[in-house]
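Peer 1:
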Amino acid sequence: MSALAVDNIGIGFGGLTALDGVSFRVGNGEIFAVIGPNGAGKTTLFNIVSGLYAPSKGRVQLGVDDVTGLEPHRLAQRGLSRTFQNLQIFFRMTAAENVMVGRHLHESRGILAQLLALPSVWRQNRATRAKADELLAFVGLSAFADRPAGELPYGALKKLEIARALATEPRLLLLDEPAAGCNPVETQEVDAVIQKIAATGVSVVLVEHDMKLVMKISNRIHVLNQGRTLAEGSAAEVRSNPAVIEAYLGRRKGEADAQG
Amino acid sequence: MMAALLQSRYGIVLLIAAGIVLIPLVTPSTFYLRVAILVYIFSIAVVGLNLLMGFAGQVSLGHAGFFGIGAYAVAVGPTHFGIPSWASLLIGVALAGLIAYVVGRPILKLRGHYLAVATLGMGILIAMVFTNEARFTGGPDGMPVPRLVLFDWVVRGVTTWYWVSGVSLVIAAAIAVNLIASPTGRALRAIHDSETASHVLGIDVARYKLVVFVISAVYAAVAGAYLALFDALVTPVTAGFLRSIEFVTMAVLGGLGSILGSVVGAAVLVVLPQMLTVFHDYEHIALGAIMIVFMIFLPAGIVPSLGRLFGRKFS
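Respectively, the protein sequence lines represent chains A and B.
In terms of the working numbering, the numbers along the first sequence are unbroken and rise by one, the last being 273.
In terms of the working numbering, the numbers along the second sequence are unbroken and rise by one, the last being 1022.
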């Protein structure tokens, strides 16, 4: 059984076909990368899998369940979480509070107990905070815990999104360009964090333009071009695929182009 | 230490309580106590509105409607149906919550300006009902409100109402503080900053918007009932559009997302017009000018802006 199965997905926006007939499977604990030139449909694919868009055709399956068109919070209950290319940080909350929000599904949420601040709510708040601290340490952000997220540097925000997504305890994690805009040191840190996550058995699907990172950590790579599947395989297979080279890597020679 | 106290969770509540206790000691005049009562009653409504606007980031230009439902409940219940005032108050508050729930479901799907206009329409509709159902409400002239009687205790007189409204405000503020520090409070603040991210993290965004809308309606209805009982009179102005705007202004002026700011905002907008009566014909111009100056120099609202100035965060 695969963690995620995408079957023949298609979606169009006002006559423009953004995705057409895309299928792939992601195994448990696998790091699976989706690459392609800008406008290939990578983020659209993520938005469909995470429930933000409903596909006009095809099926999305999490484990054994058909989850096509389910609302995002229902998908979160089923173990899917994601980060965003254009950061969706809660800027007015502290870094720790951002991660605490990710614990939402694991907290009991009786409204009356919360309004009265019963001891159980205090206890739970402390437990949630402890878990948040643990996750901040995991991504190396302990020093920022009590700082407003709006004050954090860009690279830290990228990692904060990962910590927040992990707080939901996902079985499948979608990372939308986790290293975009990061300097080489930060990229290396993100790389290490992703590998640590996969090592815990969480499946990771990754959209990323940093080819060095993708080639290094991905078990398999799926190449999109203009909304269609171009190729799929290991890093070596994809790198040597003529269609991929022509559509993507070959245009301006390798990695320089990939940054674009 | 004062600073440490203000940083703690209930620091703001204690500060408000201390103010309520101290004011009668320094101002023996019933006139000032009367003004303070109005401040406390309005503060309750504004604290509720601030939960909706300041924390969850959803606007309402119709909260005077809920305020009016509370006010008319304690007038109509005892007068026409023989229901005791305290029970009428509870019924009014429940009714306001119910209406918020029913109306909130469809309109909270709207965002920003569209939500503002929808809530505006809701508030005007409620006020129209109070104006038109003259058989029950006395129409545009309003109707008298019988005294609140709790067991054998008749709640009357400025001193009594001072403590009733003051203690109620402290409780209302404490409940608001509790909510903010809970999973629900975090969910609401998260929705304010990014609905998309909240949704993806498992928060049922529609449900939480509805929850806070109902809670804020309940706050407004309690305040409305208090005002009617204190004034012993209720008119459609209570539920009118200008009252809704007044609530929003109080919340924004005091500081969105600040419980203490809600009280300060209410205090400024209740006290200032009283002080400006010396300007006679220019009273409204002076009030408007002062508010503009406040917003220019304290753009985040009085309490958050001053807090930032002194390097401290008052929630």
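Built from N, CA and C at the ideal position, the CB exists for glycine as well.
1. So which residues of chain A does Ser-923(B) contact, with C-beta pairs closer than 8 Å?
2. Chain A partners of Gly-968(B), CB-CB under 7 Å?
3. Inspect the CB distances between the stretch 735-750 of chain B and the stretch 894-901 of chain B and report whether three or more fall short of 8 Å.
4. When the cut-off is 8 Å and only beta carbons count, does Pro-813(B) lie next to chain A?
5. Can you give the Cα-Cα distance for Tyr-869(B) and Leu-93(A), rounded to whole angstroms?
6. Excluding the 5 residues flanking Gln-981(B) on each side, which residues of the same chain have their C-beta closer than 8 Å to its C-beta?
7. From which residue to which residue does the alpha helix (DSSP H) around Glu-110(A) run?
8. Report yes or no: do the stretch 912-932 of chain B and the stretch 772-781 of chain B share at least 3 C-beta pairs separated by less than 8 Å?
9. Which of the residues in the stretch 900-911 of chain B, read from start to end, lie with their CB under 8 Å from any CB of chain A?
10. I'd like the list of long-range same chain contacts for Pro-853(B), defined as Cβ closer than 7 Å, with 5 residues on each side in sequence excluded.
11. If we count the other Cβ atoms within 10 Å of its Cβ and call it buried at 16 or more, is Glu-174(A) buried or exposed?
12. With a cut-off of 8 Å, does the C-beta of Arg-139(A) fall near any C-beta of chain C?
13. Return the CA-CA distance between Thr-213(A) and Gly-246(A), expressed in angstroms with no decimal places.
14. What's the C-alpha gap between Ala-927(B) and Val-203(A)?
15. Under a Cβ-count criterion, where at least 16 other Cβ atoms within 10 Å of its own Cβ denotes burial, should Gln-765(B) be classed as buried or exposed?
16. Name the chain B residues whose beta carbon is nearer than 8 Å to that of His-222(A)?
17. Identify the contact partners of Gln-98(A) in chain B, using a Cβ-Cβ distance below 7 Å as the criterion.
18. Which partner residues does Pro-851(B) have in the DSSP bridge list?
19. List the residues of chain B that Ala-130(A) touches, going by C-beta distances under 9 Å, in chain order.
20. Ignore the nearest five residues each way along the sequence and tell me which others in Val-35(A)'s own chain have a CB closer than 6 Å to its CB.
21. Looking at C-alpha atoms only, which residue of Ala-841(B), Ala-794(B) and Ala-724(B) is the closest neighbour of Pro-943(B)?
22. Is the beta carbon of Ser-253(A) less than 8 Å from the beta carbon of Asn-41(A)?
23. Give me whichever residues DSSP pairs with Lys-70(A) in a beta bridge.
24. Is Glu-990(B) near the ligand ATP, judged by its Cβ being under 7 Å from some heavy atom?
25. Within 8 Å (strictly less), CB to CB, does Thr-57(A) reach chain B?
26. Do Ala-148(A) and Leu-179(A) have their C-beta atoms closer together than 8 Å?
27. Can you tell me where the beta strand (DSSP E) with Leu-186(A) in it begins and where it stops?
28. Output yes or no for whether 8 Å exceeds the beta carbon distance between Val-971(B) and Val-720(B).
29. Please name the residue in Thr-107(A), Ala-31(A), Phe-26(A) and Val-39(A) whose C-alpha comes closest to that of Arg-233(A).
30. For Ile-748(B), count neighbouring C-beta atoms within 10 Å of its own C-beta (all shown protein chains included) and say buried if the count is 16 or more, exposed if not.
31. Judging by CA-CA distance, which residue of Leu-979(B), Thr-903(B) and Ala-771(B) is the nearest neighbour of Leu-832(B)?
32. Please check if any C-beta of chain B sits within less than 8 Å of the C-beta of Arg-122(A).
33. Does DSSP put Asn-196(A) in a helix, in a strand, or in coil?
34. Three-state secondary structure (DSSP) at Leu-93(A)?
35. Can you pull the chain B residues whose beta carbon is under 7 Å from the beta carbon of Gly-115(A), in chain order?
36. Have a look at Gly-52(A) and Glu-164(A) and give me their C-alpha separation to the nearest angstrom.
Peer 2: Taking the coordinates as given:
1. Under the 8 Å cutoff, chain A gives no residues; its nearest Cβ is about 13 Å from Ser-923(B).
2. The contacting residues do not exist; Gly-968(B) stays about 15 Å from chain A at best.
3. no
4. no
5. 53 Å
6. Val-742
7. 108-114
8. yes
9. Asp-900, Ser-901, Thr-903, Ala-904, Ser-905, His-906, Val-907, Leu-908, Gly-909, Ile-910 and Asp-911
10. Pro-785, Thr-786 and Ser-792
11. buried
12. Going by chain labels, chain C is absent from the structure shown, which instead holds the protein chains A and B.
13. 23 Å
14. 48 Å
15. buried
16. Neighbours of His-222(A) on chain B: none; closest Cβ ~22 Å, over 8 Å.
17. Per Cβ cutoff of 7 Å: no residues; Gln-98(A) is ~12 Å from chain B at best.
18. Leu-940(B)
19. Arg-716, Ala-881, Ile-882, Val-884, Asn-885, Leu-886, Ala-888 and Ser-889
20. Ile-22 and Thr-242
21. Ala-841(B)
22. no
23. Gly-23(A)
24. For the structure depicted, the ligand ATP is absent and the ligand set is empty, with no information on it obtainable.
25. no
26. In the sequence on display, residue 148(A) carries Leu and not Ala. Yes; because the gap between Cβ atoms is below 8 Å, this pair is in contact.
27. 185-189
28. no
29. Val-39(A)
30. buried
31. Ala-771(B)
32. yes
33. coil
34. strand
35. Leu-908
36. 31 Å
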